[in-house]
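Residue numbers (the working numbering): 1 to 166.
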């Protein structure tokens, strides 16, 4: 079995869960944040929506230097904007993963910042850690934001307190 064939079912499952969570963001609370050090709900939703694009970057490049200043973060202005960005990034990422050979996925990729290499890993490990796990992490944060704003939290890996009761 190809590495991409093993990775894609998990990718598809997590993208489905992520979209279901993004569908719940309350448009009247995009500026809300639970703490002064926290992202706003709109920025967090935008970050979750843009994260699948990290897979495409990982497959199409040998490294990324965050200090280059080219990245423009998505700060949500509407649910529709977030969902459109997410759908586009997820489709591009899926196509990139599906088209990547095992040899390419095993080649190393590096994340750099300020002249320092933060890490170098095989691309497949970057896809799992910096894309999938990163999305899962921030999707969980978004679930807390939803809960704190009395928005029903969707079921992800089992029933939530709002869907299917616990």
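Glycine included, each C-beta is placed from N, C-alpha and C at the ideal position.
- Taking C-beta atoms as the reference points, residue 97 and residue 7 count as a pair closer than 9 Å.
- Using a Cβ distance threshold of 9 Å, residue 30 and residue 85 do not count as a contacting pair.
- A direct Cα-to-Cα measurement between residue 89 and residue 52 gives close to 5 Å.
- In this structure, the CA atom of residue 129 is about 16 Å from the CA atom of residue 12.
- For the pair residue 62 and residue 107, the CB atoms are nearer than the 9 Å cut-off.
- The three-state reading of DSSP puts residue 23 in coil, since its state is none of H, G, I, E or B.
- Shown here, residue 116 sits in a strand according to DSSP, grouped into three states.
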